[in-house]
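Enquirer:
2 protein chains.
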Amino acid sequence: MKNKVVVVDDHTLLLEAIGGLVRDFENFEVLYLCKNGQELLEKLKFPKNIPDIVLMDINMPLLNGIETTKALNEKYPQIKVIALSVEENEKTILKMLRAGAKGYLMKDTKKEILKEALNQVVEKGYYHTNTISKLLIGSLTKDETAVQLKEREVEFIEHACTEMTYKEIAEKMFLSPKTIEGYRDSIYEKLNLKNRIGLVLYAIRNGLFTP
Amino acid sequence: MKNKVVVVDDHTLLLEAIGGLVRDFENFEVLYLCKNGQELLEKLKFPKNIPDIVLMDINMPLLNGIETTKALNEKYPQIKVIALSVEENEKTILKMLRAGAKGYLMKDTKKEILKEALNQVVEKGYYHTNTISKLLIGSLTKDETAVQLKEREVEFIEHACTEMTYKEIAEKMFLSPKTIEGYRDSIYEKLNLKNRIGLVLYAIRNGLFTP
DNA sequence: GAAAAAAAGGGGTAAAACCCCCATGCATTT
DNA sequence: AAATGCATGGGGGTTTTACCCCTTTTTTTC
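Quick mapping for you: the protein sequence lines, in order, are chains A and B.
Mapping the first sequence onto numbering that gives the first Met the number 0, position 53 (from 1) lands on 52, and the numbers just tick up by one.
Mapping the second sequence onto numbering that gives the first Met the number 0, position 162 (from 1) lands on 161, and the numbers just tick up by one.
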């Protein structure tokens, strides 16, 4: 019995191409392909559509890789997710692993490594490269969870990533400029930032804002 | 006689996967795969390695797609380049077309479209989707070339994409703060920006700075 | 229901950013 | 020789940010 694989990626070309690669591996078969997380969750409502492994991109519209992985881990814990991404961003990788991904592959992976990863996930239940393992060890020492942004603060950060002044942002969010300054100050403290430029860079690097 | 295709992309998985797709098309064969522009130029030194079509990614280390395409157009004008990218950035697309690319495909393209593009490039010498055609028409009216940043201004912009104050940037560039302000003001005018946030976003969106 | 935490708003000061308009020196062009 | 372009630096002003420390109101928690 071949292991059933589903590939999820919004870039159709990449999606079909990776599907093609997996189809070439002897002990794997491609069940179907999805363009985003929402499409996958729809499909999974039918038991015949439940795969053994999901190869999942992280940056997707509608429902991204992290949220989708979380959902899968709750509803279908038997499905093993391997993240697939060009993102080398440490925090993103960690978020994905926390969401329950069993492996993480950079997109500059060789065909053989993909096969190896698929096989290891089937046999051992996980696949981690050296890079990822080191990251995991590092994450134990750092207290990442301490930084928790409020809903309204995230909203403010998105507005801060434009040419608007704080006064204008305040108007847009129906708040006093002073409240906005309050948000800013508490964010600066939490994230150890010096000025708005730093905030913008933080937002971009952590996916809160896409330029 | 099959048309010879070379794929250039730094993401190995994508590289191999696209190679696989092209291999499946009847009238095309994959000569070889490259991880960046430099590797391609090395290969081309041997006449037997000269393909009919190059499928080229834009963002690559060592020698990016735009520079590589320029080089190809000078030395091997018979080779037709099709750009392949996730970038939807207008300016990047235009740069690539100006460099001499005969076609431009987003990575969310279907397998059939890729085949269609390859065939059209062989037959007509070019392949442009509606989106690209509209862009081309638009570019004729706008005088994009007017905006020309000086060497030193670009250097300043890179520093502006950090938490440094202008005073600190001035020290780092061995200039008076007033000179820095001069750079800033002329850049704001040229690029129609309101403040430093806008500058940072411009820099990121146009590849002057990678966060 | 009281205590604690958070969200929202405020005052004041100093620094940074922004915006004009101007001067010098130096190379290239005409 | 005059003109142009450009890099560099400056004066003096306003606006916007940053950074203090503080109060009131709402929400959460025990």
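Beta carbons are placed, not taken as given, at the ideal position from N, Cα and C, and that holds for glycine.
1) Using DSSP with H/G/I as helix, E/B as strand and the rest coil, what is Glu115 of chain B?
2) Less than 8 Å between the C-beta atoms of Arg2 of chain B and Asp51 of chain B, yes or no?
3) Using a C-beta to C-beta distance shorter than 9 Å, which residues of chain B count as neighbours of Arg204 of chain A?
4) Using CA coordinates, which residue listed in B:Met172, B:Thr164, B:Lys177 and B:Glu157 is at the minimum distance from Asn194 of chain A?
5) Express the C-alpha separation of Val120 of chain A and Lys79 of chain A in angstroms, rounding to a whole number.
6) Indicate the three-state DSSP secondary structure (helix, strand or coil) for Lys3 of chain B in the structure shown.
7) Measure the C-alpha to C-alpha separation of His10 of chain B and Asn35 of chain A and round it to an integer number of angstroms.
8) Kindly indicate which three-state DSSP category Ile57 of chain B falls into: helix, strand or coil?
9) Could you check where the beta strand (DSSP E) with Phe27 of chain A kicks off and where it finishes?
10) Chain B beta carbons: is any one of them nearer than 8 Å to that of Ile186 of chain A?
11) By the criterion of Cβ-Cβ separation under 9 Å, what are the contact partners of Ile17 of chain A in chain B?
12) Using a Cβ cut-off of 7 Å, pull out every chain A residue sitting near Val85 of chain B, in sequence order please.
13) Could you check which residue in A:Leu113, A:Phe155 and A:Leu190 has the C-alpha nearest to that of Pro176 of chain A?
14) Starting from Ile179 of chain B, follow the alpha helix (DSSP H) in both directions and report where the run begins and ends.
15) Quick one: is Glu25 of chain B buried, meaning 16 or more other Cβ sit within 10 Å of its Cβ, or exposed?
16) Please list, in chain order, the chain A residues whose beta carbon lies closer than 8 Å to that of Ile196 of chain B.
17) Starting from Leu104 of chain A, trace the beta strand (DSSP E) both ways and give me its first and last residue.
18) Anything in chain A within Cβ reach of Thr91 of chain B, meaning under 7 Å, just list it in chain order.
19) Mind checking the region 98-109 of chain A against chain B and listing, in chain order, the residues whose C-beta falls within less than 7 Å of any C-beta there?
20) At the 8 Å Cβ level, is Leu20 of chain B part of the contact set with chain A, yes or no?
21) Apply the 10 Å Cβ neighbour rule to Met0 of chain B and answer buried if 16 or more other Cβ atoms are within range, or exposed otherwise.
22) Check the Cβ of Leu113 of chain B against every Cβ in chain A and list those closer than 7 Å, keeping chain order.
23) Between Ala100 of chain B and Tyr201 of chain B, what straight-line distance do the alpha-carbon atoms span, to the nearest angstrom?
24) Report yes or no: do the region 4-18 of chain A and the region 99-115 of chain B share at least 3 C-beta pairs separated by less than 8 Å?
25) Can you tell me which of B:Ala169, B:Leu14, B:Glu157 and B:Ala98 puts its alpha carbon nearest to the alpha carbon of Glu217 of chain B?
26) State the Cα-Cα distance for the pair Glu115 of chain A and Cys33 of chain B, rounded to the nearest angstrom.
27) Identify, in the order they occur along the chain, each residue of the same chain with its Cβ nearer than 6 Å to the Cβ of Leu54 of chain B, setting aside the five sequence neighbours on each side.
28) Compare the C-beta of Asp142 of chain B with all C-beta atoms of chain A and state if any pair is closer than 8 Å.
Expert: Taking the coordinates as given:
1) Shown here, Glu115 of chain B sits in a helix according to DSSP, grouped into three states.
2) A small fix is needed here, since residue 2 of chain B is Asn in this sequence, not Arg. Their beta carbons are under 8 Å apart, which means Asn2 of chain B touches Asp51 of chain B by this criterion.
3) Under the 9 Å cutoff, chain B gives Pro210.
4) Of the listed residues, the one whose Cα sits closest to Asn194 of chain A is B:Thr164.
5) C-alpha separation (whole angstroms): 7 Å.
6) Taken through DSSP and simplified to helix, strand or coil, Lys3 of chain B comes out as strand.
7) Each residue's alpha carbon lies about 21 Å from the other.
8) Ile57 of chain B: coil per DSSP, three-state reduction.
9) If you look at Phe27 of chain A, you'll find it in the beta strand (DSSP E) that goes Phe27 to Cys33.
10) Not closer than 8 Å to any Cβ of chain B, the Cβ of Ile186 of chain A fails to qualify, so no.
11) Within chain B, the residues Leu12, Leu13 and Ala16 have their CB atoms less than 9 Å from the CB of Ile17 of chain A, given in chain order.
12) Those within 7 Å of Val85 of chain B in chain A are His10.
13) The shortest Cα separation from Pro176 of chain A among A:Leu113, A:Phe155 and A:Leu190 belongs to A:Phe155.
14) Per DSSP, Ile179 of chain B is one residue of the alpha helix (DSSP H) stretching across Pro176 to Leu190.
15) Answer is exposed; the Cβ neighbour count stays below 16.
16) Going along chain A in sequence order, the residues near Ile196 of chain B (Cβ under 8 Å) are Ala159, Cys160, Thr161, Glu162, Arg195, Ile196 and Val199.
17) Its beta strand (DSSP E) spans residues Gly102 to Met105.
18) The premise fails here: Thr91 of chain B is roughly 13 Å from chain A at the closest Cβ pair, so nothing lies under 7 Å.
19) Correct list: Lys106, Asp107, Thr108 and Lys109.
20) Yes, Leu20 of chain B lies at the interface with chain A (some Cβ there is under 8 Å from its Cβ).
21) Residue environment for Met0 of chain B: exposed (fewer than 16 other C-beta atoms within 10 angstroms of its C-beta).
22) Near Leu113 of chain B (Cβ distances below 7 Å), the residues of chain A are Leu12.
23) Looking at the two C-alpha atoms, the distance is approximately 25 Å.
24) In this structure the region 4-18 of chain A touches the region 99-115 of chain B; the number of beta carbon pairs closer than 8 Å is three or more.
25) Outside the shown range of chain B, which is 0 to 210, sits residue 217 of chain B, and nothing can be said about it.
26) So the alpha carbons of these two residues sit roughly 22 Å apart.
27) So the qualifying residues of the chain are Val6, Ile81 and Leu83.
28) Below a pLDDT of 50, predicted positions are generally treated as unreliable, and Asp142 of chain B, at 43, falls in that range; the measurement from the model is reported next regardless. So no, Asp142 of chain B is outside the interface.
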